[in-house]
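Q:
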Amino acid sequence: MATASTEPTESSDNTLPECLVFPARKEHTATVIISHGLGDSAKNFAYFLNDLKDHPDLGHVKFILPSAPIMSVTGMRGRSIPSWFNIYSFNYVNRSEDEVGLFRSVGWLKQLITNEETQHSIPSNRIVIGGLSQGGAISILTTLTIEKPLAGLFALSTYIPLRQKFPEASIIHPIIYPCPTSNYGRNIPILWCHGTGDQQVICKDWKQLAKTLAGQLSIPFVTSDHPQEFPTEDRGTNSKDSDGASQDKARLHFRSYEGMGHCTEESELLEVAGWIARRIPGEA
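Just so you know, we're using full-length UniProt numbering here: the sequence shown kicks off at 1 and counts up by one.
#1: Answer yes or no: do L109 and I129 have a C-beta to C-beta separation smaller than 8 Å?
#2: When the distance is taken between beta carbons, is S105 closer than 8 Å to F85?
#3: Any contact between the region 23-34 and the region 68-80? By contact I mean 3 or more CB pairs, one from each, below 8 Å.
#4: Note down, in chain order, each residue of its chain lying with its Cβ closer than 6 Å to the Cβ of M260, except the 5 sequence neighbours on either side.
#5: State yes or no: is the C-beta of L213 within less than 8 Å of the C-beta of L153?
#6: Grouping DSSP H, G and I as helix and E and B as strand, with all else coil, what is F90?
#7: Report the three-state DSSP secondary structure of V201 (helix, strand or coil).
#8: Going residue by residue through the region 23-68, where are the continuous alpha helix (DSSP H) segments of at least 4 residues, counting only ones entirely within it?
#9: Let me check one thing: in DSSP terms, what residues is W192 bridge-paired to?
#10: Per DSSP, what kind of secondary structure is E99 in: helix, strand or coil?
#11: Identify which residue in A210, E271 and S218 has its Cα closest to the Cα of residue 285.
#12: Applying the 10 Å Cβ sphere with the 16-neighbour rule, what's the burial state of N50?
#13: Between the C-alpha atoms of S157 and P17, what's the straight-line distance to the nearest angstrom?
#14: Exposed or buried, S72, counting other C-beta atoms within 10 Å across all chains shown (16 or more means buried)?
#15: Out of L217, I188 and D225, point me to the one whose CA is closest to K204's CA.
#16: Restricting to Cα atoms, I'd like to know which of I160, I34 and L20 is closest to S96.
#17: Over what stretch of residues does the alpha helix (DSSP H) that includes L132 continue unbroken?
#18: I need the straight-line Cα distance from A137 to A24, nearest angstrom please.
#19: Going by DSSP, what residue range makes up the alpha helix (DSSP H) through S267?
#20: Would you tell me roughly how many angstroms separate the C-alpha atoms of L65 and Q134, rounded to the nearest one?
#21: Which residues in the same chain have their Cβ closer than 7 Å to the Cβ of residue 299, if we skip the five residues on either side of it in sequence?
#22: Spatial neighbours of D98 within its chain, please: CB distance less than 6 Å, with the 5 preceding and 5 following residues excluded, ordered by chain position.
#23: Under 8 Å between the Cβ atoms of R126 and A151?
#24: Since I70 is in the beta strand (DSSP E), which residue starts that stretch and which ends it?
#25: Going by other Cβ atoms of all chains shown within 10 Å of its Cβ, with 16 needed for buried, is V100 buried or exposed?
#26: Can you tell me where the beta strand (DSSP E) with R79 in it begins and where it stops?
#27: Within its chain, find whatever has a CB closer than 6 Å to the CB of G274; leave out the 5 residues flanking it on each side and keep chain order.
#28: Looking at S89: is its Cβ nearer than 8 Å to the Cβ of L38?
Structure follows, in structure tokens:
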């Protein structure tokens with residue numbers, strides 16, 4: 001098992017919280033950035049990620065786990081806990097959202113990606129980002145707005161942020177994503193994992209909204225609810241175009257887990273590890 005180190009990593013506004021870093025066990029040729037959920041920490045979240053970060057096919061990968069700052073969360077009666085942005089309500093489908101806080105955290109993730117490029121010579125198309133719940137939400141927003149290619153996004157028991165920016169949006173007829181989606185954001189493979197027993201972020205609601213998002217991005221939507229080999233198109237071929245972007249066809253794969261709640265479990269993380277290994281294989 002790789003030994004973790006805690007690194008203070010500066011963002012453009014010098015406020016990025018510390019990151020827990022697990023160095024690659026072999027030659028470092030790819031990076032995964034994983035963001036925890038509301039009220040958690042990188043140190044605690046890392047305990048549940050052993051099946052992912054210690055996977056035998058990911059020895060070439062460095063794992064970075066940023067920790068959210070402590071802030072007052074309105075939806076929890078002002079309680080101060082680790083949070084990537086303020087949550088005004090826990091009605092995930094219809095609620096007002098902390099747009100400033102969301103984009104502050106997105107800026108941090110983008111800076112971590114830039115740091116990997118400039119400080120460690122890891123190209124962005126060898127970087128996968130993802131997270132659980134609130135951490136998944138900032139990863140989704142980062143992916144949709146980034147101006148460079150990424151190898152992939154994995155979203156665990158999460159939701160799409162800023163859907164309700166315009167009043168006409170609803171679960172029945174979601175609007176086109178209100179944030180400026182980059183060309184690269186429309187070409188990044190997405191794996192969305194969600195438990196059918198999730199009582200906080202309801203699986204059936206977000207399965208439909210994930211399908212809508214795939215349609216808005218003009219990428220295929222694939223769904224599965226039992227262990228199976230991922231579609232051939234979900235496997236990274238490591239082919240590149242002239243500017244380094246992967247030529248693999250982007251798609252959104254929604255994987256549901258029967259009975260799983262608002263959490264992670266071993267079978268889910270093993271599948272995520274396999275998906276990551278196909279997106280960023282050991283031979284760059």
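Backbone N, C-alpha and C define an ideal beta-carbon position, used for all residues, glycine too.
Keep in mind the model is a prediction, meaning the values are calculated, not measured.
A: Let me lay it out:
#1: Locating residue 109 in the sequence shown gives position 109, where the first residue counts as 1. Locating residue 129 in the sequence shown gives position 129, where the first residue counts as 1. Yes; because the gap between Cβ atoms is below 8 Å, this pair is in contact.
#2: Your numbering for residue 85 matches position 85 in the sequence shown. Your numbering for residue 105 matches position 105 in the sequence shown. Between F85 and S105, the C-beta gap is smaller than 8 Å, which places the two residues in contact.
#3: Touching, no.
#4: Here residue 260 corresponds to residue number 260 of the sequence shown, with the count starting at 1. Here the set comprises G195 and G197.
#5: One-based indexing of the sequence shown puts residue 213 at position 213. One-based indexing of the sequence shown puts residue 153 at position 153. Contact flag unset, no.
#6: As a working mapping, residue 90 is identified with position 90 in the sequence shown. When secondary structure is reduced to three states using DSSP, F90 falls in the coil class, being assigned neither helix nor strand.
#7: Position 201 of the sequence shown, counted from the first residue, corresponds to residue 201. Note: V201 maps to coil in three-state DSSP.
#8: Entirely contained in the region 23-68, the alpha helix (DSSP H) runs reaching 4 residues are, in chain order, 42-47 and 50-53.
#9: To locate residue 192, count along the sequence shown from 1; it is residue 192. A155 and F254, per the DSSP bridge assignment.
#10: Within the sequence shown, residue 99 is the residue found at index 99, counting from 1. Helix, per DSSP.
#11: Shown here, the chain extends from 1 to 284; a query on residue 285 therefore has no answer.
#12: Numbered from 1 along the sequence shown, position 50 holds the residue referred to as residue 50. By the neighbour-count rule (16 or more Cβ atoms within 10 Å), N50 is not buried but exposed.
#13: The residue you call residue 157 lines up with position 157 of the sequence shown. The residue you call residue 17 lines up with position 17 of the sequence shown. Looking at the two C-alpha atoms, the distance is approximately 23 Å.
#14: Taking the sequence shown and counting its residues from 1, one reaches residue 72 at position 72. Exposed.
#15: Taking the sequence shown and counting its residues from 1, the one referred to as residue 204 is at position 204. Considering only L217, I188 and D225, the residue with the shortest C-alpha distance to K204 is D225.
#16: One-based indexing of the sequence shown puts residue 96 at position 96. Ranked by Cα distance from S96, the options I160, I34 and L20 are led by I160.
#17: Position 132 of the sequence shown, counted from the first residue, corresponds to residue 132. Note, L132: premise wrong, no alpha helix (DSSP H); beta strand (DSSP E) at I127 to L132.
#18: Taking the sequence shown and counting its residues from 1, the one referred to as residue 137 is at position 137. Taking the sequence shown and counting its residues from 1, the one referred to as residue 24 is at position 24. In a straight line, the C-alpha of A137 is about 26 Å away from that of A24.
#19: For this step, residue 267 is matched to residue 267 along the sequence shown. Note, S267: alpha helix (DSSP H), E266 to R279.
#20: The residue you call residue 65 lines up with position 65 of the sequence shown. The residue you call residue 134 lines up with position 134 of the sequence shown. The alpha-carbon atoms of L65 and Q134 are separated by roughly 14 Å.
#21: Here the chain has residues from 1 to 284 only, and residue 299 is not among them.
#22: To locate residue 98, count along the sequence shown from 1; it is residue 98. The residues are F85 and N86.
#23: Mapped onto the sequence shown, residue 126 falls at position 126. Mapped onto the sequence shown, residue 151 falls at position 151. In this structure, R126 lies near A151, with their beta-carbon atoms less than 8 Å apart.
#24: Working through the sequence shown from its first residue, we reach residue 70 at position 70. Secondary structure note for I70: its beta strand (DSSP E) is the uninterrupted segment I70 to V73.
#25: Numbered from 1 along the sequence shown, position 100 holds the residue referred to as residue 100. Exposed is the call here.
#26: The sequence position of residue 79 within the sequence shown is 79, counting from 1. Taken as a continuous stretch (DSSP letters only), the beta strand (DSSP E) holding R79 covers R79 to P82.
#27: Here residue 274 corresponds to residue number 274 of the sequence shown, with the count starting at 1. Same-chain partners within the cutoff: there are none.
#28: In the sequence shown, counting from the first residue as 1, residue 89 sits at position 89. In the sequence shown, counting from the first residue as 1, residue 38 sits at position 38. No, they are not a contact pair.
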